[in-house]
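See structure below.
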Ligand code: NAP
């Protein structure tokens with residue numbers, strides 16, 4: 009296939025499952041991570057053992073200089089970029105809005121929203137036929153929580169993800185004539201380590217109580233939707249959304 013894709017936050021959870029699946033489909037994958045180098049290395053090693061191609065790059069997607077360096081690394085080490093999965097994301101402990109401190113919002117909005125925007129910005133500049141690029145596809149990660157707004161838990165996170173959904177629609181229409189498709193996947197409750205960082209490591213196990221399909225989802229199930237949206241099979245889909253949420 010000889011196509012290159014960047015998966016932000018590709019070292020664990022949904023990003024790691026996506027990186028593995030894309031590599032098995034022939035994509036050359038750049039795995040971004042922020043701190044857990046061993047986890048990123050393990051994904052690269054798995055992909056190599058399976059006969060695929062992968063690189064890894066450390067960068068905090070909330071930091072403009074680090075995003076710039078990451079894309080320069082891709083230019084140098086991979087060449088043409090054909091795909092971007094804006095997956096890196098964080099939550100914070102479940103608390104009411106009035107108990108949140110603004111410092112928390114710098115991290116929640118910085119990583120989830122600004123990180124997605126900065127990576128999309130760098131990718132569009134490279135992919136756009138308007139700038140001499142060969143086109144490409146971008147998949148953004150939102151959450152099923154944008155429907156409820158996550159009251160009492162993380163309304164800041166839900167608000168950041170809602171902005172990502174609006175960005176998806178507007179950017180998709182803006183660059184549709186420039187060879188770039190932009191779509192979004194909305195996972196529901198997926199069994200990854202993100203819930204521990206939100207102060208509730210057992211959250212996925214409780215899913216059966218309120219998810220119509222009576223279980224948490226798997227990272228691999230979200231990866232399937234992301235990989236389809238990136239692929240040529242989705243060539244007439246842009247500004248679209250896929251819910252992978254067990255019916256929530
Ligand atoms: P996860 O298991 O916690 O993994 C997060 C990944 O993002 C890790 O690879 C982590 O790197 C990376 N990361 C975190 N902050 C970063 C930063 N500032 N810069 C670069 N990379 C960063 O998360 P997940 O559950 O797979 O979630 C992936 C995406 O799906 C997120 O956007 C999340 O909001 C969304 N989502 C998840 C669920 C769910 O239930 N799991 C539901 C809805 C939406 P390190 O390993 O270096 O820390």
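Residue numbers (the numbering used here): 9 to 256. By construction, the Cβ of each residue, glycine as well, lies at the ideal position given by its N, Cα and C atoms.
(message) Taking only three categories from DSSP, how would you classify residue 149?
(response) Here residue 149 sits in strand by DSSP.
(message) Taking the straight line between their C-alpha atoms, what separation do you get for residue 187 and residue 217?
(response) Just so you know, the alpha carbons of residue 187 and residue 217 end up roughly 43 Å apart.
(request) Express the C-alpha separation of residue 183 and residue 177 in angstroms, rounding to a whole number. (result) Answer to the nearest angstrom: the Cα atoms are 10 Å apart.
(message) Can you tell me whether residue 134 is buried or exposed? The criterion is at least 16 other CB atoms within 10 Å of its CB, across all chains shown.
(response) By the 10 Å Cβ count, residue 134 comes out buried.
(message) Pop quiz: residue 70 and residue 122 are said to be a contact at Cβ under 8 Å. What is the actual Cβ separation, rounded to whole angstroms?
(response) Indeed, because the Cβ distance is near 6 Å, the residues count as touching under 8 Å.
(message) What does the Cβ neighbour count give for residue 164, buried or exposed, with the cut at 16 atoms within 10 Å?
(response) In this structure residue 164 is buried. Its beta-carbon is surrounded by 16 or more other beta-carbon atoms within 10 angstroms.
(request) Return the residue from the list 93, 205, 17 and 84 that minimises the CA-CA distance to residue 47. (result) Taking only the C-alpha atoms, the option nearest residue 47 is 17.
(request) Can you grab the Cα-Cα spacing for the pair residue 220 / residue 197, in whole Å? (result) When only Cα atoms are considered, residue 220 and residue 197 end up about 12 Å apart.
(request) Consider the C-beta atom of residue 41 and the heavy atoms of the ligand NAP; say whether any pair is separated by less than 7 Å. (result) Yes, since a heavy atom of the ligand NAP falls inside the 7 Å radius drawn around the Cβ of residue 41.
(message) Can you list, in chain order, the residues of its chain with a C-beta nearer than 7 Å to that of residue 110? Leave out the 5 residues immediately preceding and following it.
(response) Taken in chain order, the list of residues that qualify is empty.
(request) Give every residue of the same chain whose Cβ lies closer than 6 Å to the Cβ of residue 35, excluding the five residues on either side of it in the sequence, and list them in chain order. (result) Closer than 6 Å at Cβ, skipping near neighbours: 11 and 13.
(request) Mind reading off the beta-carbon distance from residue 26 to residue 93? Whole number of angstroms is fine, and I expect it under 8 Å. (result) Going by Cβ atoms, the distance from residue 26 to residue 93 rounds to 6 Å, so yes, they are a contact pair.
(message) Any contact between the segment 135-155 and the segment 83-91? By contact I mean 3 or more CB pairs, one from each, below 8 Å.
(response) Judged by pairs of C-beta atoms under 8 Å, the segment 135-155 touches the segment 83-91, as three or more such pairs exist.
(request) Check each candidate in 43, 99 and 125 and name the one with the smallest Cα separation from residue 113. (result) It is 99.
(message) Could you check whether the Cβ of residue 179 sits closer than 7 Å to any heavy atom belonging to the ligand NAP?
(response) Every heavy atom of the ligand NAP is 7 Å or more from the Cβ of residue 179, so no.
(request) Pull up the distance between the alpha-carbon of residue 230 and that of residue 107, whole angstroms please. (result) Rounded to whole angstroms, the gap between the alpha carbons of residue 230 and residue 107 is 32 Å.
(request) Give me the Cα-Cα distance between residue 59 and residue 85, rounded to the nearest whole angstrom. (result) CA-to-CA, the gap between residue 59 and residue 85 works out to about 19 Å.
(message) Using a Cβ-Cβ cutoff of less than 8 Å, which residues in the same chain neighbour residue 102 once the five nearest sequence positions on both sides are dropped?
(response) Apart from the 5 residues on each side of it in sequence, residue 102 sits with its Cβ closer than 8 Å to the Cβ of 160, 161, 162, 206, 207 and 208 in its chain, given in chain order.
(request) Take residue 116 as the anchor and find which of 171, 29 and 181 has the nearest alpha-carbon. (result) Check the Cα spacing between residue 116 and each of 171, 29 and 181: the tightest is with 171.
(message) Using CA atoms only, rank isn't needed, just tell me which of 245, 237 and 202 is closest to residue 21.
(response) Looking at the Cα atoms, 202 is the closest of the given residues.
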